[in-house]
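Below is one structure, written out as structure tokens, with a few remarks after it.
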Amino acid sequence: MLTVPAPKRFDWRPWALVAPAMLVLMAVTAIPFARTIWLAFHDDPHGFMPAQPGWSLTNFRVLLQDRAWWTAVSTTLLFAAGAVISETCAGLAIAMLLQGYSLKLRGILLAVILLPWAVPSVVAARLWNWMLNDQYGIINALLVRLGLLHQGVAWTTHPHSMVAVMIVIDVWQATPFMALLSLAGLQSIPTDVFEAAQLDGASPWQRFISITLPLVAPVLSVAVLFRLLDALRMFDLASVLYGTDMSGMTLSAFVQSQIVQFGAPGYGAASALGTLGIIALAAVLYGVCLKIPGWIRSS
Amino acid sequence: MRLTTEMLVTGRLVAMAFIILHTLFPLYWALVTSFRHGTTLFSTALFTFPDLENYRKVLGGPELWRETLNSVLCAGSVTLISLILGIPAAYALGQMSFPGRRLVLGLLLLCSMLPQIAILSGLFELISALGLYDHVESIIFADLFFALPFTIWLLTGFFRDLPPELDDAAKLDGCSLMRRIFSIHLPLVWPGIAATGLLNIMTCWNEFLFALTFTLNDSARTLPVGIGLISAPGRFELPFGTIMAASLLATLPPILLVLFFQNRIASGLTAGAVK
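These protein sequence lines map, in sequence, to chains A and B. According to the working numbering, the first sequence is numbered sequentially starting from 4. According to the working numbering, the second sequence is numbered sequentially starting from -15.
In structure tokens, the structure reads:
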């Protein structure tokens, strides 16, 4: 059969299909983002003083010396590390537990386990805030009754436990997500690999370390990246639990309060770009960490 | 040997019981609290008789109804708009090959990684300039920022999974592009569309940052903002009973969605990470 190659012409059809979505995306993302960058490099008006016209680095200079900002940085990093590590371990453990059940039972258990993930973070914050109430909270009451505490602890007002409270709530909400993705990763492992290992006399621990973990890693590492990016921009819990209290503020809460409470869109924009830098740094660091086992093996 | 397997089975059972308890207890305690008011709130007894006083109070006022209406409006419009815009784009990105395709996909991925606060300053100005501030439309507009890239990204994966022969055969039969999308591909990616829509509905229903930033009065508030802002009317009154009642009512729709569409939601979530 003879085929005559059609004259190569610019095919506009895919672009026509993509264009409406891209135009809307430009309006809701590109324009506000460009404007945010512009604002970050321009001074805010202060009180009756009009803003200085022209480009300036003042916002960033102030940001570097802002103690509240650095507190927010450490709060956010501590929260993200604590939450993501606990959720990954717990999620993988739950997934392995679930694998031991029949398909039908697994479906029911999974539906129950997914429930906290569906709860709005605002509701989760309110719920746990009530359970952790220093005088009437059920958690303090149980701890006192068990003899672990003499009197109730004000978990949500003590600077040392404020981050821990956010981690506990986030673990309650996000572990289901990690469990679900770990389960997907586990199911992609062919069962005969385990049977072969068992026949060869590998202990459960050996099987976990040298079969499960490396084979789950590709799926799990993407899920961890998602969670990490999510945790680093956490706003809801910090805002509902601590409002504008400096010692519990995350980076997102800091930026939002600069823009809304203090009416400083320029300073807010500069701190947003700072946050973006920290998130990018954390993502790169995470990528490097993923490569380390490979380097050790190859050296 | 027998003993260890038995121990293992018991251990598994105990662990699972603990997980379920940890999952459900906070919700159960919210339910118990929502039945209590006045001095009974201070009780730490684990059981109580249903008393619907708090629910009567919450449902009797106009706030919760208005907030629910706003939330429905918001979640519904955002999901609908992103599906209408996203399906053609995802078809092009998943089924057609054209120069610039990878660039568009890369841009979408970048967009979906951008945190909300990265655009908050600029978006605040834009929304004020458009006259949308303190209207539900502002939240709908803002939510497209995360809903649209997520929708296109997820749907592109579902479209890509369809065999290209399908499209080629229909093309040979003289089927137009629009007919190919609507009568051949859409029915096949229907599960993917359902999963994407459900996830969008839930994210918008729970969204707090934009809804809090772009509304001032109660008239445009969504449920999370309303619940986040309930505070004690008097210094000596603890509103925890009503807060829990309102919280549970607001949580009911997403919980029902998870219970009914668990498989679809799970497949959407996994596809988002695996594809």
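Every residue, glycine too, gets a C-beta built ideally from N, C-alpha and C.
Within the DSSP secondary-structure output, H45(A) pairs in no beta bridge. With a threshold of 8 Å between beta carbons, Q259(A) makes contact with chain B. Taking a Cβ-Cβ cut-off of 7 Å, the neighbours of L100(A) in chain B comprise R(-4), A(-1) and M0, given in sequence order.
By alpha-carbon distance to A127(A), the top candidate from T235(B), A255(B), G256(B) and P148(B) is T235(B). For the stretch 258 to 284 of chain A, the set of residues with a beta-carbon nearer than 8 Å to any beta-carbon of chain B comprises V258, Q259, I262, V263, P268, G269, G271, A272, A275, L276, T278, L279 and I282, in chain order. Residue pairing for M52(A): DSSP places it in a beta bridge opposite H49(A). Among the residues of chain A, those whose CB is under 8 Å from the CB of V88(B) are V21 and M25, following chain order. Leaving aside the five residues that flank A286(A) on each side, the residues in its chain whose CB is nearer than 8 Å to its CB run, in chain order, L228, L231 and L232.
For Q259(A), the uninterrupted alpha helix (DSSP H) segment begins and ends at L254 to V263. Contact between the stretch 151 to 170 of chain A and the stretch 99 to 117 of chain A is absent: fewer than three C-beta pairs spanning the two stretches fall below 8 Å. Of the candidates A153(B), H169(B) and L128(B), the residue whose Cα lies closest to the Cα of L64(B) is L128(B). Proximity of the stretch 44 to 62 of chain A to the stretch 219 to 226 of chain A falls short of the contact definition, fewer than three beta-carbon pairs being nearer than 8 Å.
Straight across, the Cα-Cα distance linking A76(B) with V196(A) is about 39 Å. In the three-state scheme derived from DSSP, where H, G and I count as helix and E and B as strand, E191(B) is classed as coil. If you check the CB distance, M252(A) and A71(A) come in under 8 Å.
Within chain B, no C-beta atom comes less than 7 Å from the C-beta of A234(A); the nearest is roughly 11 Å away. The beta-carbon distance between M0(B) and L100(A), rounded to whole angstroms, is 6 Å. This is short enough to meet the 8 Å contact definition. Residues of chain A with a Cβ closer than 7 Å to the Cβ of L25(B) are, in chain order, Y139. Judged by DSSP in its simplified three-state form, Q68(A) adopts helix. R236(A) is positioned such that its CB atom lies closer than 8 Å to that of Q100(B).
The alpha-carbon of P175(B) is positioned some 10 Å away from that of G181(B). T247(A): not part of any alpha helix (DSSP H); DSSP gives it neither H nor E. Listed in chain order, the positions of the stretch 112 to 123 of chain A with a beta carbon within less than 8 Å of a beta carbon of chain B are L112, L113, A114, V115, I116, L117, L118, P119, W120, A121, V122 and P123. A131(B) and N184(B) have their C-alpha atoms spaced approximately 6 Å apart. Taking C-beta atoms under 8 Å as the contact rule, C188(B) and C58(B) qualify, at a distance of about 6 Å. Taking a 10 Å sphere around the C-beta of G212(B), we find 16 or more other C-beta atoms and assign the residue as buried.
Between the stretch 46 to 55 of chain B and the stretch 192 to 212 of chain B, the count of Cβ pairs shorter than 8 Å is three or higher; the stretches touch. A contact is defined here as three or more CB-CB pairs under 8 Å, and the stretch 178 to 196 of chain A meets this definition with respect to the stretch 113 to 121 of chain A. Under the three-state reduction of DSSP output, W18(A) falls in the helix class. Contact between the stretch 152 to 160 of chain A and the stretch 71 to 82 of chain A is absent: fewer than 3 CB-CB pairs across the two stretches fall below 8 Å. Nearest neighbour of Y139(A) by Cα position, chosen from P83(B), I249(B) and W13(B), turns out to be W13(B). In this structure, the beta-carbon distance from R210(A) to A200(A) falls below 8 Å.
In the structure shown, C95(B) falls within a helical segment according to DSSP collapsed to helix, strand and coil. Inter-residue distance for V31(A) and V291(A) is about 32 Å (C-alpha atoms, whole angstroms). Listed in chain order, the non-local C-beta contacts of P193(A) below 7 Å within the same chain number zero, local neighbours out to five positions each way being set aside.
Closer than 8 Å to the CB of S255(A) there is at least one CB belonging to chain B.
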